[in-house]
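Everything on this sheet refers to the single structure shown next.
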Amino acid sequence: MKILIADDNIYKQDILSAYIKNKFPDADISQSYSFNSTRKQIFENVFSLILLDMTMPTFDSNDKSATVSESRNRPLAGKEIISSMAYRKLYSPVILVTQFEVFGRHNQLTSIDDIFDEINGLYPDIIKGSVLFDFQSDSWKSKLDNFILNMELK
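Counting in the numbering used here, the sequence shown runs from 64 upward without gaps.
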């Protein structure tokens, strides 16, 4: 079973990776840290599961060819990645794992639940769930467990 953990927070990556290794000891875990590296991984590999952060920088921090403006954060990177997966007919199951309950600025705020509902309406063959990650609590694990148990991972 091949699993991608796509998140720019290395500490969160480590926690998610340990969780996956505990649940699936034989899992082959790949990691990506930015919008571009995540798309590259998804376009070049077939994954049994993708744990996808919603907000990521455009480029990895070690990409010296990126300008400051190009490496900006993409607040809805996860949504863009799922859209590009659908365009290319790549149907690996995705679970959003985010630390933020709302996205946007000032009077243009959107909840993660509303974003999930929108993505699920457009790409139900790809999106399988949304989990609010919290460093201070393990409550996210039971929600992630429920989503994973409802999928037949190969």
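Virtual Cβ for every residue (Gly too), placed ideally from N, Cα, C. This one's a predicted model, so the numbers in the text were calculated from it and none came from an experiment.
Helix, strand or coil for residue i? Go by DSSP, reduced to three states.
i	result
T161	strand
A69	strand
M148	helix
T118	coil
L185	helix
N85	helix
Residue i lies in the beta strand (DSSP E); which residues open and close that run?
i	result
L195	I190 to L195
D91	D91 to S95
How long is the line joining the alpha carbons of residue i and residue j, rounded to whole angstroms?
i	j	result
N170	M117	20 Å
N213	T121	32 Å
F198	I178	22 Å
F106	V194	24 Å
Check for me: the alpha helix (DSSP H) holding residue i runs from which residue to which?
i	result
N209	S202 to L212
Spell out a yes or no on whether the segment 73-91 and the segment 136-147 are touching, meaning 3 or more CB-CB pairs, one atom from each, closer than 8 Å. Using a Cβ-Cβ distance cut-off of 8 Å, the segment 73-91 and the segment 136-147 are not in contact, since fewer than three pairs of beta carbons, one from each stretch, lie closer than that value.
Looking at C-beta atoms only, is the number of pairs between the segment 147-154 and the segment 71-81 that lie closer than 8 Å three or more? Contact between the segment 147-154 and the segment 71-81 is absent: fewer than 3 CB-CB pairs across the two stretches fall below 8 Å.
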